[in-house]
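Counting in our numbering, the sequence shown runs from 11 upward without gaps. Backbone N, C-alpha and C define an ideal beta-carbon position, used for all residues, glycine too. Data block below; observations after.
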Amino acid sequence: MSEGDRPAGARSPVEEWDRQDYAGVPDAFQRLWTPHRMVYIGGGGKPASDAEHHCPFCDVPKRSDADGLIVARGELVFAVLNLYPYNPGHLMVLPYRHIADYTDLTGAEAAEFVRFTQQAMATLRVVADPGGFNLGINQGAVGGAGIAAHLHQHVVPRWGGDMNFMPVIGQTRVLPQLLADARRMLADAWPG
Ligand SMILES: [Zn+2]
Numbered sequence: 011m012s013e014g015d016r017p018a019g020a021r022s023p024v025e026e027w028d029r030q031d032y033a034g035v036p037d038a039f040q041r042l043w044t045p046h047r048m049v050y051i052g053g054g055g056k057p058a059s060d061a062e063h064h065c066p067f068c069d070v071p072k073r074s075d076a077d078g079l080i081v082a083r084g085e086l087v088f089a090v091l092n093l094y095p096y097n098p099g100h101l102m103v104l105p106y107r108h109i110a111d112y113t114d115l116t117g118a119e120a121a122e123f124v125r126f127t128q129q130a131m132a133t134l135r136v137v138a139d140p141g142g143f144n145l146g147i148n149q150g151a152v153g154g155a156g157i158a159a160h161l162h163q164h165v166v167p168r169w170g171g172d173m174n175f176m177p178v179i180g181q182t183r184v185l186p187q188l189l190a191d192a193r194r195m196l197a198d199a200w201p202g
């Protein structure tokens, strides 16, 4: 759902992938991602305004885990799959509270925010064995945040060459199903 967390004009990794041929599975990658990106173009998940009741990140926890792609719910924060992933398994950790800035986190929120980030990394290591991660928070529209009004930390698993685990699950299925599978795998592996 955070479509635009990158500098204006910069290509996303997905767009980079679209420009490349991958040995063995060139077409699968494009088919994998494109329908997924279409799912929300027409509808409800897009950021509409700064009003809290229109904030997609505030709406997510009101859905079921499966519908909201929620991997884990804490007391003060939750972890959710990104609808516009830079990489498969791209998670976000967010406070339930509609706050924009990292400095707005209370001590308790910050503690659980950090713990969830660590658990997200641990879970992704169990499920998908990434070689590394990018962790990041884009602050404000100028900082590249797609939905600047609601703080969110990206947890992006990285692989050498960014080969990934989703094609292992099944190249031929449409991506919403892959996201559902990924959510279930990660939720099952989440500690506790
Ligand atoms: Zn919000």
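**Study point:** Closest residue to A190 among L86, V166, A118 and S74 (Cα-Cα distance)
**Key:** As a position in the sequence shown, residue 190 is number 180, starting the count at 1. Closest by alpha carbon: S74.
Exercise for review: Determine the extent of the beta strand (DSSP E) in which P105 is found, giving its start and end residues.
Suggested key: Here residue 105 is taken as the residue at index 95 of the sequence shown, counted from 1. Per DSSP, P105 belongs to the beta strand (DSSP E) from L101 to P105.
Point to revise | Cβ-based neighbour list, G170, same chain, cut-off 8 Å, excluding 5 preceding and 5 following | key: For this step, residue 170 is matched to residue 160 along the sequence shown. Counting only Cβ-Cβ distances below 8 Å, and skipping sequence neighbours, we find G141.
**Study point:** Supposed close pair Y106, L86 - CB separation, criterion 8 Å
**Key:** Counted from its first residue, the sequence shown places residue 106 at position 96. Counted from its first residue, the sequence shown places residue 86 at position 76. Yes, they are in contact, since the Cβ atoms of Y106 and L86 sit about 6 Å apart, within 8 Å.
Check your understanding: Which of helix, strand or coil does DSSP assign to R194?
Key -> The residue labelled residue 194 in the question sits at position 184 within the sequence shown. In this structure, R194 counts as helix in the three-state DSSP scheme.
Review point. Run through DSSP, which three-state label would A110 get?
Key: Position 100 of the sequence shown, counted from the first residue, corresponds to residue 110. In the structure shown, A110 sits in coil (DSSP, three-state: anything other than H, G, I, E or B).
Practice item. Classify V152 as buried or exposed, calling it buried when 16 or more other Cβ atoms lie within 10 Å of its own Cβ. Key: In the sequence shown, the residue the question calls residue 152 occupies position 142. Per the 10 Å Cβ criterion, exposed.
**Study point:** The beta strand (DSSP E) enclosing G142, as first and last residue numbers
**Key:** Sequence index remark: in the sequence shown, residue 142 carries index 132 (1-based). Segment G142 to G146, the beta strand (DSSP E) holding G142.
Check your understanding: Counting only beta-carbon atoms, is C68 nearer than 8 Å to chain D?
Key -> Looking for chain D here will not work: only one protein chain is present.
Practice item. Sort Q149, G154 and W200 by Cα distance to Y112 and report the nearest one. Key: On the sequence shown, residue 112 is found 102 positions in, with the first residue counted as 1. For Y112, the nearest C-alpha among the options comes from Q149.
**Study point:** Nearest residue (CA-CA) to L161, options L145, M195, L115 and V137
**Key:** Mapped onto the sequence shown, residue 161 falls at position 151. Comparing Cα-Cα distances from L161 to each of L145, M195, L115 and V137, the minimum goes to L115.
Point to revise | Assigned secondary structure, L86 (DSSP; H/G/I helix, E/B strand, else coil) | key: Position 76 of the sequence shown, counting from 1, holds the residue named residue 86. Looking at L86 - three-state DSSP - the assignment turns out to be coil, as it is neither helix nor strand.
Review point. For ligand 1, any of its heavy atoms closer than 7 Å to the Cβ of A159?
Key: Translated into the one-based positions of the sequence shown, residue 159 becomes position 149. Yes - ligand 1 has a heavy atom lying nearer than 7 Å to the Cβ of A159.
Exercise for review: Whole angstroms is fine: what's the gap from R168's alpha carbon to V136's?
Suggested key: The residue given as residue 168 occupies position 158 in the sequence shown. The residue given as residue 136 occupies position 126 in the sequence shown. Near 14 Å, if we compare the C-alpha coordinates of V136 and R168.
Point to revise | Where L91 falls, given that 16 or more other Cβ within 10 Å makes a residue buried | key: Residue numbering aside, residue 91 sits at position 81 when the sequence shown is read from its first letter. Buried.
Check your understanding: Can you tell me the Cα-Cα spacing of A138 and T127, whole angstroms?
Key -> Counted from its first residue, the sequence shown places residue 138 at position 128. Counted from its first residue, the sequence shown places residue 127 at position 117. Answer to the nearest angstrom: the Cα atoms are 16 Å apart.
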